[in-house]
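Novice: Numbering (my numbering), first residue to last: 452 to 1290.
1) Below 8 Å on the Cβ atoms is my contact criterion, and I expect residue 1014 with residue 1256 to pass it. Report the Cβ-Cβ distance as a whole number of Å.
2) Which residues in the same chain have their Cβ closer than 7 Å to the Cβ of residue 1060, if we skip the five residues on either side of it in sequence?
3) Per DSSP, what kind of secondary structure is residue 542 in: helix, strand or coil?
4) Could you say which of 628, 761, 811, 828 lies nearest to residue 753 if we only look at CA atoms?
5) Mind checking whether residue 1108 and residue 1036 have CB atoms under 8 Å apart?
6) Who are the near neighbours of residue 525 in its chain, counting only those whose CB is closer than 7 Å to its CB and skipping five residues on each side?
7) If we call anything under 8 Å between Cβ atoms a contact, is residue 1165 one with residue 1216?
8) Could you spell out where the beta strand (DSSP E) holding residue 742 opens and where it closes?
9) Is it right to say residue 1081 is buried, meaning 16 or more other beta carbons lie within 10 angstroms of its own, or is it exposed?
10) So residue 1019 and residue 999 are supposed to be a Cβ contact under 8 Å. How far apart are they, rounded?
11) Using only CA atoms, which one of 637, 974, 927 lies nearest to residue 954?
12) Would you check if the distance between the CB atom of residue 1238 and the CB atom of residue 1266 is smaller than 8 Å?
13) Write down every uninterrupted run of the alpha helix (DSSP H) in the segment 898-957 whose length is 4 residues or greater and which is fully enclosed by it, in chain order.
14) Since residue 1018 sits in a beta bridge, which residues does DSSP pair it with?
15) DSSP three-state label for residue 698, please.
16) Could you tell me which whole beta strand (DSSP E) segments of length 3 or greater appear in the segment 489-530?
17) May I have the straight-line CA-CA distance separating residue 1204 from residue 970, to the nearest angstrom?
18) Determine the DSSP secondary structure at residue 472, reduced to helix, strand or coil.
19) Kindly indicate the opening and closing residues of the beta strand (DSSP E) around residue 1150.
20) Which residues mark the beginning and the end of the alpha helix (DSSP H) in which residue 1287 is found?
21) Can you list, in chain order, the residues of its chain whose CB lies under 6 Å from that of residue 737, leaving out five sequence neighbours each side?
22) How close, in whole Å, do the beta carbons of residue 646 and residue 657 come, if the pair is a contact with beta carbons under 8 Å?
23) Could you have a look at residue 533 and say whether DSSP puts it in helix, strand or coil?
24) Please tell me whether residue 1119 and residue 1097 are closer than 8 Å, where the distance is taken between their beta carbons.
25) Can you tell which of 530, 760, 582 has the C-alpha that lies nearest to the C-alpha of residue 557?
26) So, at 7 Å on beta carbons, what are the nonlocal neighbours of residue 744 in its own chain, with the 5 sequence-adjacent residues on each side left out?
27) State buried or exposed for residue 1199, treating a residue as buried only when at least 16 other CB atoms are found within 10 Å of its CB.
28) Helix, strand or coil for residue 650 per DSSP?
29) Kindly indicate which three-state DSSP category residue 466 falls into: helix, strand or coil?
30) Do residue 1017 and residue 1054 come within 8 Å of each other at the CB atom, strictly closer than that value?
31) Assign residue 1170 to one of three DSSP states: helix, strand, or coil.
32) Identify whether residue 988 lies in helix, strand or coil by the three-state DSSP scheme.
33) Would you kindly work out how many angstroms separate the C-alpha atoms of residue 1269 and residue 491, rounded to a whole number?
34) Across which residues does DSSP place residue 882 in a beta bridge pair?
35) Relative to the C-alpha of residue 1111, which residue among 1131, 1185, 1047 is closest?
36) Could you give the first and the last residue of the continuous beta strand (DSSP E) run that contains residue 552?
Here it is, written out as structure tokens:
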């Protein structure tokens, strides 16, 4: 037998480990996978793919050899082809009755490894060489033994075909490997006839898996399949049928892997040409940053227990709490000035934690038990934080992080020596900051002149840290795992906040590519900013109204400067948060009037109070619910709380008497009965105040409202679709869950179909439909929504310029075609692939 090609380039000494004693099969696979990851052959996530393969296939080859390999659909995680070799001289139980002494972990981008696999199957019959490999003492010996041509390959005569024969061309994209070969064997063994597969001079017994794998068949090879015996014709037909049947699965798997790789490229925006080693996390803040890794090692805080008199301890705790409140107040003021009042609210909320009765009570109980004030406070904070984190609710887990943050502030007031590592310990410029996690106060005070990006081992995309990173414009990833903290301080790196990946030790080619990408992005953003005041009109003349999502009158000027043409969503809950009682009717009236005055005749859509779910207000004393997202929130709450609904409606209708364009919309509508009741309230108040009629709309946030759109449209003036909530209710995924947030994608075809249904239902009564959810601010999402017939898009002001640029560059007819394609897709990933078809 003659081998085409040589495996020498795949057998590298640094990928060989001898004399290993892993505890079990998983440990052995992880060891081999880590070798591949350390060599830059795979993304570390591919190690999990190697383990998943074991759950669906037996990778034990025979005679002490095992060949673990990953799932085909995860091939995009392979940076370059490589094979890690782990020698286990004493052997390891692979499966019951199967013992492995040599493990070959394969990461193959295509079929480069087939020559080596072919040699491995021949090794199974060469006991002398196998023993040499099992007992080799250095990597060079292993490499030499594997590169040496097996004696059995020399001087073999061409095999003869059997009586019944047919030809077939291998159309498996990755050649013949174990899974399809096993299907061949299974089909062949059902028949008494002898069955053979020949390629060139080499022939294999079709009932023998190893024999088939020795052929080393690649995509495009022509084989002769032959049979001889009592049922040879039926046997030949059955084997050919099995070979063809496997084609569909192999081609589907290869297409899926290619699609995932393309999607990854589309999502990342930038891909390093040199494929450096990388660590994957969850994208938290977009952008690309080049810099040097600086690791913040917080360490475990050790709080000594120094008992003092109870009166003294109580006084010290009181003073520390007061000082911490003052410190948080100053930090909130500084954050409001730097980032905005909404971001400053994080620290107002932290200050409220200092007044928690349970926390103070537990601290005092521990002091009464004879413990020191520092130790008692620290224990109370940790116990309550652990209790919150253990509930499995991501919102409460974020609250636990805030509690620990504020708890350490109090500790520093009690004893300045009780301090973990801080950002003051980080020096140098162009830093990519790595940490187990960052507190909101750490993030808010980052020096963006030195810190270019950040990555955390823990956390989720909806944490306060992620929110603040986006506000600061810092590229960031979260949930990078513990490996993030093992990176050597000073390592050059590139952080991609879109793809959620940290690239280590990039080469000159990678750095040059990243710099070019950054320059291109900056030029694009500058061009978009220069044209942000133009209307969003497609080249074929279709116009879309572009509005802003804001909370307060003082945000109007910045929104208009960003290119917004009005306010499509004024969130009124901000008036009710961070205070001890509801705002009065007069206070609300002055706020709405100020918003109208700032807009100077441009449209304003005010959303009635949307409290509940992820927005809780303590002083309203709402009943505790196991699942607040499915409970008393939005309009359900308003209809039961006249004390909340009536003052707000009175304030709005008083503001409407100015004659400026004002619309009101109600959140979380699920039925016509809710609409008629709310309209009744509105009309009664309007008449009482002798105010003008204003357009009344509803938020479409649940599938029920979308499916009833044609009926509801008769009773309202417009719809505004909240895609964030509509997505989580449609897909049954909490959009704030750290592990599910990435999958709760509003471009899922099911969500898009509900949007299409809403638009169609509204059109029956000549009603317009807007979108104020997250995908309205995504240029590609905005393009699809326009193609679906959405008339108004409302978004964060920072997204306006990019959305206008996308709509002005693509014709409406093309967008409608693209929207139809999206509706026919089977996943959000497939929908996002369509982004490449737009200008």
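Even for Gly, the Cβ is constructed at its ideal location relative to N, Cα and C.
Specialist: This is what the structure holds:
1) Not a contact, Cβ separation roughly 10 Å.
2) Cβ within range, chain order: 1023, 1024, 1027, 1089, 1095, 1099.
3) Of the three classes helix, strand and coil, the one that applies to residue 542 here is strand, per DSSP.
4) Nearest of 628, 761, 811, 828 to residue 753, Cα basis: 828.
5) For residue 1108 and residue 1036, no; Cβs fall outside 8 Å.
6) Result list for residue 525: 497, 500, in chain order.
7) Yes, Cβ-Cβ distance for residue 1165 and residue 1216 is below 8 Å.
8) Secondary structure note for residue 742: its beta strand (DSSP E) is the uninterrupted segment 739-747.
9) Exposed, because fewer than 16 other Cβ atoms sit within 10 Å of the Cβ of residue 1081.
10) Yes, they are in contact, since the Cβ atoms of residue 1019 and residue 999 sit about 7 Å apart, within 8 Å.
11) Per the Cα distances, 927.
12) Contact annotation: residue 1238 and residue 1266 have beta-carbon atoms nearer than 8 Å.
13) Within the segment 898-957, the alpha helix (DSSP H) runs of at least 4 residues that lie entirely inside it are, in chain order, 915-923.
14) Bridge partners of residue 1018: 999, 1055.
15) When secondary structure is reduced to three states using DSSP, residue 698 falls in the helix class.
16) Within the segment 489-530, the complete beta strand (DSSP E) runs of at least 3 residues are 511-513.
17) Note on geometry: alpha-carbon atoms of residue 1204 and residue 970 lie some 38 Å from one another.
18) Correct three-state label for residue 472: coil.
19) In the DSSP annotation of this structure, the continuous segment of the beta strand (DSSP E) that includes residue 1150 starts and ends at 1147-1151.
20) Per DSSP, residue 1287 lies in no alpha helix (DSSP H) segment and is marked neither H nor E.
21) Only 948, 949 meet the Cβ criterion.
22) A Cβ-Cβ separation of about 4 Å places residue 646 in contact with residue 657 under the 8 Å criterion.
23) Of the three classes helix, strand and coil, the one that applies to residue 533 here is strand, per DSSP.
24) Residue 1119 places its beta carbon 8 Å or farther from that of residue 1097.
25) For residue 557, the nearest C-alpha among the options comes from 530.
26) Closer than 7 Å at the Cβ level, and outside the excluded window around residue 744, lie 883, 885, 938, 940, 941, 942, 944.
27) Classification of residue 1199: buried, given that the 10 Å Cβ count is 16 or more.
28) Correct three-state label for residue 650: strand.
29) Helix.
30) In contact: residue 1054 and residue 1017 (Cβ atoms closer than 8 Å).
31) Under the three-state reduction of DSSP output, residue 1170 falls in the strand class.
32) Residue 988: strand per DSSP, three-state reduction.
33) The straight-line gap separating the alpha-carbon atoms of residue 1269 and residue 491 is approximately 38 Å.
34) Its beta-bridge partners are 743, 902.
35) Residue 1111 has its Cα closest to that of 1047, out of 1131, 1185, 1047.
36) In this chain, the beta strand (DSSP E) harbouring residue 552 covers 549-558.
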